[in-house]
Amino acid sequence: MVLPLRVAAPSVAVRLLRVSEERAGAEAERKVLGDEERTRHGAFVRAADRDRYLVAHVGLRRELGARLGLAPDAVPLTRLACPLCGGAHGRPAVAGAAGERLHFSLSHAGDLVLLAFAPVPVGADVESHPSAATTAETAQVLHPDERAELTSLPAPQRPAAFARCWTRKEAYLKARGVGLGEDPAVCYVGTGDRPGRPPGWPIADVDAVDGYAAAVAYAE
């Protein structure tokens, strides 16, 4: 499923997969996974986690292969160096020269897998709306202005607003390659209808399905 972004971002392509709909097809194509992917897939204890991982990574390889003119199992994947510490746990990427012209990001939650592709560094995140208790607990790690925005909302609206904020924040941090190695309270992305805009990194909300929030961020 091709998803619309809520702002103009013509260089970013976004795809949404439903695990429940793609599970059988992904199982038939599991041979396209690399050795490390097979190991990680087999390490999951819960069947739901294995299914989500399989759909996400088979779908990713299928999309990357189509864009690069390669068979899915021939797409060379690697990890870039972390910009914070230099370790080999930065953004996942296509290895070699192809990785300079095609960047990607992957996220999954519940029954959804979100994939994003762009000619510039990109990050994507999808989350299900949390419970009220989880919202109240996790909100403490947000930017002070985001915490204030949540507090000002009626209680029933806070989980959706938190999910909106968190997907923006994760997408931004993933696009930069730092992930949650950086304190999520540092950057402001907002909880309202329009995302904040960290310098050099536009953020766009993605129309997902009811009960979920999704966003992408990309280098300007």
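Following the numbering used here, the numbering of the sequence shown begins with 1 at its first residue and continues without gaps.
Ideal Cβ positions, reconstructed from N, Cα and C, are used throughout, including at glycine.
Source: prediction; values computed, not measured.
Is residue i helix, strand or coil when you go by DSSP?
{"i": "Phe162", "result": "helix"}
{"i": "Asp125", "result": "strand"}
{"i": "His103", "result": "strand"}
{"i": "Thr78", "result": "strand"}
{"i": "Leu142", "result": "coil"}
{"i": "Asp205", "result": "strand"}
{"i": "Leu252", "result": "Any answer about residue 252 is impossible in this case: the structure gives the chain only from 1 up to 220."}
{"i": "Val189", "result": "coil"}
{"i": "Arg168", "result": "helix"}
{"i": "Ala298", "result": "Because the chain is modelled from 1 through 220, residue 298 falls outside the range shown and cannot be assessed."}
{"i": "Val55", "result": "helix"}
Figure out for me which residue from the options has the closest Cα to the Cα of residue i.
{"i": "Ala163", "options": "Ala47, Leu16, Asp210 and Glu21", "result": "Asp210"}
{"i": "Gly192", "options": "Ala185, Glu146 and Val178", "result": "Glu146"}
{"i": "Val120", "options": "Glu21, Tyr218, Val14 and Ala13", "result": "Tyr218"}
{"i": "Pro184", "options": "Ala171, Glu149 and Leu142", "result": "Leu142"}
{"i": "Val75", "options": "Pro195, Leu64, His89 and Val14", "result": "Leu64"}
Given that a residue counts as buried once 16 or more other Cβ atoms are within 10 Å of its Cβ, and exposed if not, what is residue i?
{"i": "Arg176", "result": "buried"}
{"i": "Arg46", "result": "exposed"}
{"i": "Cys165", "result": "buried"}
{"i": "Ser107", "result": "buried"}
{"i": "Thr39", "result": "exposed"}
{"i": "Leu180", "result": "exposed"}
{"i": "Pro229", "result": "Because the chain here runs from 1 to 220, residue 229 falls outside it and cannot be looked at."}
Roughly how many angstroms lie between the CA atoms of residue i and residue j, to the nearest whole one?
{"i": "Ala48", "j": "Glu36", "result": "19 angstroms"}
{"i": "Lys31", "j": "Ala160", "result": "38 angstroms"}
{"i": "Asp111", "j": "Val19", "result": "5 angstroms"}
{"i": "Thr151", "j": "Asp125", "result": "24 angstroms"}
{"i": "Glu29", "j": "Val178", "result": "31 angstroms"}
{"i": "Gly34", "j": "Gln157", "result": "42 angstroms"}
{"i": "Gly59", "j": "Ala133", "result": "33 angstroms"}
{"i": "Val206", "j": "Ala139", "result": "21 angstroms"}
{"i": "Arg62", "j": "Val216", "result": "20 angstroms"}
{"i": "Glu182", "j": "Cys85", "result": "11 angstroms"}
{"i": "His129", "j": "Ala213", "result": "7 angstroms"}
{"i": "His89", "j": "Arg194", "result": "31 angstroms"}
{"i": "Ala71", "j": "Glu149", "result": "47 angstroms"}
{"i": "Gly42", "j": "Asp51", "result": "10 angstroms"}
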